[in-house]
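Engineer:
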Amino acid sequence: MGRNALRMVSRLLFAVLFVPSGFQALANIAGTTSYFSGLGLPLPALAAWATGLFELIAGLLILVGFQTRIVALLLAAFCIVAGFIGHYGQGAGDATLAFMHQQMLMKDIAIAGGFLALAMAGAGAWSFDGREFGIGAGVT
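Per the numbering used here, the very first residue in the sequence shown carries number -4; after that it's consecutive.
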């Protein structure tokens, strides 16, 4: 499989994580707000809307490969922050729950690494960035 095909597949796989997650967060904003409230975040409703919109829009931008390097860097940072806020130290008192949260944190860190690789590699030719316009145009 060629490099451009692999870059497109990687963008598709990232989008499969973030587009549905953002849509679900927005579709159940009360539940998302409640979750963020339970984490002790200030302004949980604002955090819920911001997170849902960010995941949805950033996921769509990654899918089509528009401003990919910038969006991938933002998503890498998002994954690290979200992983530590949502999973670090969670599940105390329940070994199974603590293990699950530890694994989820490690997953978020690994996804951040994938986004850093995508930021370095760029979206490839089969993207908006790969056209004659946009950031990363002509970069393979």
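Where is the CB? At the ideal position from N, CA and C, for every residue including glycine.
(1) Using a C-beta cutoff of 8 Å, does Gly33 count as contacting chain D?
(2) Determine the burial state of Thr91: buried for a count of at least 16 other Cβ atoms within 10 Å of its Cβ, exposed for fewer.
(3) Just how far apart, CA to CA, sit Gly129 and Leu7?
(4) Mark Glu127 as exposed unless 16 or more other C-beta atoms lie within 10 angstroms of its C-beta, in which case mark it buried.
(5) Mapping DSSP to helix, strand and coil, what is Gly(-3)?
Structural biologist: According to the structure shown:
(1) Included in the structure is just one protein chain, with no chain D present.
(2) Counting the other Cβ atoms within 10 Å of the Cβ of Thr91 gives fewer than 16, which makes it exposed.
(3) Caution applies to Gly129, whose pLDDT of 46 falls short of 50 and renders its modelled position unreliable; the value that the coordinates give is listed next. Take the alpha-carbon of Gly129 and the one of Leu7: they are about 20 Å apart.
(4) Low per-residue confidence applies at Glu127: pLDDT is 49, beneath 50, and the placement is therefore not dependable, though the value from the model is reported in the following sentence. Exposed, since its Cβ has fewer than 16 Cβ neighbours within 10 Å.
(5) Here Gly(-3) carries a coil assignment [DSSP, helix/strand/coil].
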